[in-house]
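Have a look at the structure below, then the notes.
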């Protein structure tokens, strides 16, 4: 999981490329001559057995606000055994159609602007931990606070010094927290249950050079793999992720198959980078997954890559039964028996900071506070669609309000029927860019053109009409 402070709320983006069915060819005319012995007509049952079974219908799901939180400013968090919401300094559990408030973090640090709740971790009911900070960006003092059950509080950067928490995880009855501050450096400590002494491999044994690694103040030791994320499996394996010797593009994992002894597994042959706060998800047994491109799977002492799709797979989540899910384009996909299967679509590209599945297989998302995904009308651009639309991408916040997207406009300028196109910026859960087209067929042609002329783009064809779009001029190439 990502355990950084939620200063900004992110929204999740998703999209699906559509294929359209071709009309069935006109059958050949029957012969005019009749054979002397007419063939026996097949029975209705025989005909039915020869027909191909109908393709399963993929539902379209859209967020439906949860009534119990509709009037509240809340965030959604999924932990083992419960879905939790936060409002201000308090934490609540979703119970059927209501929220049951279970506790609050301390209200202190007034001289630093007070406290703010950042995220919730752990397991229900006796292992709920809350990460909170102060409201002063220069003295955050990130703190892991035991909200339920027996546990100890851990603070990194006490007194306002540099510090952060990289994550927590559960190993049997033990809960560990990984973090850093300027005084103690990187460390992994026990906050619940029997104490585990975790000693990451030092820089010298990891083959790091003296000038590659940072040392904490007053500390002569440095780590070969400073942890950026931590996770434990049900089987008892502990894994941290980071960059070996703090090299920019040297992703690696440190694995403890048993307490006290670890080994480094380099991942550079499988992924280019992991990001500063990589996300790990726990499954059943010894399963762990890493949200990367491609997705990584750990089990039995080794990592492997999962199959890629035509669009990046992100926003991973695990069902209570241990099945891995994610979002690829406009699809919710599930990984099972070596392949990804689409289980649902969104009506349009959307982003969520949290997505989770409960015991009833209902999917919950952070949208308008808290929402459940419910079946709705399909947005597939079939023949009856009067507003075919090509979604391009989410707009960078760095672009000013009158930005003209020169790279995209240049790529579209060579489209044969460029005069039919409308390049538009619009707002839907954030700034986005797309193209209005005359028909589904033209939309498919635009998608092929964009893929051929722009690198790493994943345009999508949907039935959609943006509200109050800003039209951007496309000049036809000469």
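Residue numbers (mature numbering (1 follows the signal peptide of the UniProt record, and there is no 0)): -17 to -1, 1 to 461.
Ideal Cβ placement from N, Cα and C applies to all residues, glycine included.
For clarity, every value in this text was computed on a predicted model and none was experimentally measured.
By the 16-neighbour rule on beta-carbons within 10 angstroms, residue 241 is exposed. The beta-carbon distance between residue 271 and residue 214, rounded to whole angstroms, is 6 Å. This is short enough to meet the 8 Å contact definition. By the Cβ neighbour-count rule, residue 367 is exposed, with fewer than 16 other Cβ atoms within 10 Å of its own.
In this structure, DSSP gives residue 227 a helical state, which the three-state scheme calls helix. DSSP links residue 163 through a beta bridge to 147, 169.
Here DSSP, grouped into helix, strand and coil, assigns residue 314 to strand. Judged by DSSP secondary structure, residue 280 falls within the beta strand (DSSP E) whose first and last residues are 279 to 282.
The shortest CA-to-CA distance from residue 105 to any of 333, 151, 139, 298 is the one to 151. In the DSSP annotation of this structure, the continuous segment of the alpha helix (DSSP H) that includes residue 391 starts and ends at 389 to 395.
For the beta strand (DSSP E) assignment, the uninterrupted runs of no fewer than 3 residues enclosed by the segment 433 to 460 are, from N- to C-terminal side, 443 to 446, 453 to 455. Per the coordinates, the alpha-carbon of residue 356 lies some 29 Å from the alpha-carbon of residue 288.
Taking a contact as a CB-CB distance under 8 Å, the pair residue 211 and residue 281 does not count as one, their CB atoms being some 16 Å apart. In the three-state scheme derived from DSSP, where H, G and I count as helix and E and B as strand, residue 270 is classed as coil. When the alpha-carbon of residue 377 is set against those of 370, 325, 412, 348, the nearest one is in 412. When DSSP states are grouped into helix, strand and coil, residue 236 belongs to the strand group.
Of the residues assessed, residue 56 falls on the exposed side of the cut-off, its CB having fewer than 16 other CB atoms within 10 angstroms. In the three-state DSSP reduction, residue 426 falls in the helix class (H, G or I). In this structure residue 302 touches residue 344 by the C-beta definition: roughly 7 Å separates them, less than 8 Å.
Beta-bridge partners of residue 285 (DSSP): 282.
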